[in-house]
Amino acid sequence: MVKTLLKNKKLRFTAFRKEVLDVFLNTPNAVSIGDIEERLKQFDRITLYRTIKSFMEKGLIHEIVMPGDIKKLALCPAECSSVNHVHTGQHIHFRCKMCENIFCLDLHEFPEINIPKFKVDSIEIQGTGICNICS
Ligand SMILES: [Zn+2]
Ligand SMILES: [Zn+2]
Ligand SMILES: [Zn+2]
């Protein structure tokens, strides 16, 4: 699983990359850098930041910024590729007001929004409510 994921995104397999990726794979919701640090047994902060940066550049994970200065990271959909730091795997970000977790939700059809005269790279849709675990 981890090996294929890394290979698909043209990232070399290392024990540390696997450890970081496992944190994402074992969590249904988006995680903060602090959450990742808590789950790693031993790590060097610079290596961790570099790992996260390369994961983001390759379209393996993406950053989620929600109102209230909330910053999280989550796995990208399989079809995502990162072109000039713009991720192509479009989906919705949902914040649960009970557990405060943030989830990436896939849509069957992402609405197409045309804005005249503007060249739009991506559109972000954010929602809030109660997640499937809390409801
Ligand atoms: Zn992505
Ligand atoms: Zn919840
Ligand atoms: Zn997402």
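Residue numbers 27 to 161, in my numbering, belong to the letters of the sequence shown in order.
Cβ coordinates follow ideal geometry from the N, Cα and C atoms, glycine included.
Predicted model, so just to flag it, every value in this text is computed and none were measured.
For the alpha helix (DSSP H) containing residue i, name the first residue and the last one.
| i | result |
| --- | --- |
| lysine 98 | It is not in any alpha helix (DSSP H) - lysine 98 instead sits in the beta strand (DSSP E) that spans 96 to 101. |
| arginine 71 | 71 to 83 |
| arginine 43 | 41 to 51 |
| valine 28 | 28 to 34 |
Please state whether DSSP places residue i in a helix, a strand or coil.
| i | result |
| --- | --- |
| leucine 131 | strand |
| isoleucine 151 | strand |
| isoleucine 90 | strand |
| valine 57 | strand |
Once the 5 residues before and after residue i are set aside, which same chain residues still bring their CB inside 8 angstroms of it?
| i | result |
| --- | --- |
| valine 112 | Asp147 and Ser148 |
| glutamate 83 | Ser108 and His111 |
| phenylalanine 39 | Val28, Lys29, Leu32 and Lys33 |
Would you please verify whether the beta carbon of residue i is less than 8 angstroms from any beta carbon of chain D?
| i | result |
| --- | --- |
| glutamate 138 | The chain inventory of the structure shown lacks chain D, comprising one protein chain alone. |
Looking only at its chain, what residues have a beta carbon closer than 7 angstroms to the beta carbon of residue i, apart from the 5 residues adjacent to it on each side?
| i | result |
| --- | --- |
| glycine 60 | none |
| lysine 98 | Ala56, Val57, Ser58, Ile90 and Ile128 |
| lysine 35 | Lys84, Gly85 and Leu86 |
Excluding five sequence neighbours on each side, which residues of the same chain lie with their C-beta closer than 6 angstroms to the C-beta of residue i?
| i | result |
| --- | --- |
| methionine 124 | Ile156 and Cys160 |
| phenylalanine 50 | Leu101 |
| isoleucine 151 | Ile118 |
| arginine 65 | Val49 |
For my contact list, residue i and residue j are in at a C-beta cut-off of 8 angstroms; report their separation, rounded to the angstrom.
| i | j | result |
| --- | --- | --- |
| leucine 37 | leucine 86 | 7 angstroms |
Could you spell out the range, first to last residue, of the beta strand (DSSP E) harbouring residue i?
| i | result |
| --- | --- |
| phenylalanine 120 | 118 to 122 |
request  = With a cut-off of 7 angstroms, give the chain-ordered residues whose Cβ is closer than this to any heavy atom of ligand 2.
outcome  = For ligand 2, the selected residues are Cys122, Met124, Cys125, Asn127, Ile156, Cys157, Ile159 and Cys160.
inquiry  = If you measure from each CB to the nearest heavy atom of ligand 1 and keep those under 5 angstroms, what residues do you get, in chain order?
reply    = The filter returns Gly85, His88, Cys102, Cys106, His113 and Gly115, in chain order.
ask   = Around ligand 3, which residues pass a check of Cβ closer than 5 angstroms to any of its heavy atoms?
value = Those residues are Ala100 and Cys130, given in chain order.
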